[in-house]
Structures are given as C-alpha cells and as structure tokens.
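To keep things clear, I will list the structure first and then write my remarks on it.
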Amino acid sequence: MVRTELWGWLFITIGSIFFMGFIYTSIISKFLPPSNNPIISAIQNDWYYCFLVPLTLPVLVVAVYFHWLSMKLYGHSLSDLGLARNKPSNLKLPKELPRIRMHDLYLHLH
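In our numbering, the protein residues as written are 10 to 119.
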C-alpha cells in the first residue's frame with residue numbers, strides 16, 4: 010500500500026513539473042523581456058506550443074464523439090446478436106473449439 014502511494018505521489022510530482030514547464034514555455038515566457046540566453050530566447054520566440062493546446066481541443070471533441078458513436082454501434086450490434094447484458098441469448102456457441110496441432114498443419118500443407 011505504501012509503495013503504491015509513493016508511485017502516485019511521484020507521478021503527480023512529475024506531472025506538475027511538466028505542467029509548470031509547459032505553462033512557462035507557452036504563456037509566461039512571452040511576457041518576459043528578451044533574454045541573452047539562447048535557450049530562453051528560443052523558448053520566447055517559439056509560438057508552436059501557444060497554438061497547440063487551443064487547436065487540439067476541437068480535435069479532442071471530434072475524437073470523443075467518434076468514441077461515443079463507436080460504443081453505441083458496438084452496443085447495438087451486441088443487442089442485435091442477442092449478446093447484450095440482461096437479455097437471453099439465442100446464439101449457441103461451442104463449448105470447446107477444435108484443437109489443431111502443428112504437426113497436423115504441417116502434414117496438411119505439404
């Protein structure tokens with residue numbers, strides 16, 4: 010239990026550090042005065058991450074919609090087969106599938 014808790018705190022800490030770094034590179038660095046440090050200057054002049062998150066949101070909405078649609082279609086296909094929950098099944102499945110040995114397959118192919 011303690012080990013799982015430590016892993017959780019580790020992931021939260023690492024995620025928080027990366028989130029703060031992202032906030033710095035995408036928002037805060039644009040309001041700071043120009044720097045002589047080449048790395049900080051490159052971060053200040055980069056506009057990719059400023060547009061990445063806002064432009065990802067519409068794509069996320071479309072992906073969530075398609076996920077919902079696929080789950081609806083999957084649920085309806087199960088109910089059409091009679092395999093949905095709380096419904097009796099008319100489909101008879103074999104209890105055990107026939108076993109194919111590699112030796113039989115080899116003899117069949119040659």
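Ideal Cβ positions, reconstructed from N, Cα and C, are used throughout, including at glycine. The model shown is predicted, which means the values in this text are computed figures rather than measured ones.
Cut-off 6 Å between Cβ atoms - residues of its own chain near residue i, not counting five sequence neighbours on either side
i: PRO42; result: none
i: TRP56; result: none
Limits of the alpha helix (DSSP H) - the one that residue i falls within
i: GLU12; result: At residue 12 the sequence reads Arg, which differs from the Glu that was named. Its alpha helix (DSSP H) spans residues 11-32.
i: PRO47; result: 47-54
For residue j and residue i, the rounded distance between their alpha carbons
i: ASN54; j: VAL73; result: 33 Å
i: LEU19; j: SER50; result: 31 Å
i: VAL62; j: SER35; result: 9 Å
i: ASN46; j: LEU78; result: 50 Å
i: LEU66; j: PHE60; result: 11 Å
i: LYS81; j: LEU64; result: 27 Å
i: PHE27; j: PHE40; result: 20 Å
i: VAL70; j: LEU116; result: 54 Å
i: SER38; j: GLY24; result: 20 Å
i: GLY30; j: ILE48; result: 14 Å
i: MET10; j: TYR58; result: 38 Å
Sequence-distant residues of its chain with Cβ nearer than 7 Å to residue i (five each side left out)
i: LEU15; result: none
i: ILE52; result: THR34, SER38
i: SER44; result: SER50, GLN53
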